[in-house]
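Each residue of the sequence shown is one higher than the one before, starting from 1 at the first, in full-length UniProt numbering.
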Amino acid sequence: MKISVEKGQEKGFLPDGRHTVEITDIQEGQSEHQNVPFFAARMENEDGFVTQRFYTSPAAMPILLSLYAAVGIHPEAGKDLDTKQLLGKRVTVEIGEHSYADPATGNERSIKQATGFRTA
1 MKISVEKGQE KGFLPDGRHT VEITDIQEGQ SEHQNVPFFA ARMENEDGFV TQRFYTSPAA
61 MPILLSLYAA VGIHPEAGKD LDTKQLLGKR VTVEIGEHSY ADPATGNERS IKQATGFRTA
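Structure below.
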């Protein structure tokens, strides 16, 4: 079996702490259990990467808007935001572990996450 490795995949996860990163990829999807739309932003630098999901539900909107503000995009009421606007933007993020109960199994899972978005 041959497994292709694309550019950037050889990097590991960013270590915990504050990092300046570039948003290099956006993938769209829906959550596995409640079908909430999200986009996943790959954020990376020379030290590694993290992929962070941003849900588009009303409850998650403050987090989403803080990301856009940190990269210098200021939303206006009545105008849609385009995730493609984020590509190539730089931002500082706080990387850390987040634990949660898996809805399907109830088992505890841990993931790396990016929070605390600030202008780079």
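Note that beta-carbon positions come from the ideal geometry of N, C-alpha and C, so glycine has one too.
- The alpha carbon of residue 16 has as its nearest neighbour, out of 106, 114 and 96, the alpha carbon of 96.
- Annotation: the continuous alpha helix (DSSP H) that includes residue 69 extends over 61 to 70.
- Beta-bridge analysis with DSSP links residue 114 to 95.
- When secondary structure is reduced to three states using DSSP, residue 85 falls in the helix class.
- Check the Cα spacing between residue 41 and each of 64, 21, 101 and 53: the tightest is with 53.
- Assignment of residue 58 by DSSP, reduced to helix, strand and coil, places it in the helix class.
- Per DSSP, reduced to three states, the secondary structure at residue 34 is coil, with no helix or strand assignment.
- In the structure shown, residue 29 falls within a strand segment according to DSSP collapsed to helix, strand and coil.
- Residue environment: residue 19 is assigned as buried (16 or more neighbouring CB atoms within 10 Å of its CB, all protein chains considered).
- In the three-state DSSP reduction, residue 51 falls in the strand class (E or B).
- The alpha-carbon of residue 77 is positioned some 12 Å away from that of residue 65.
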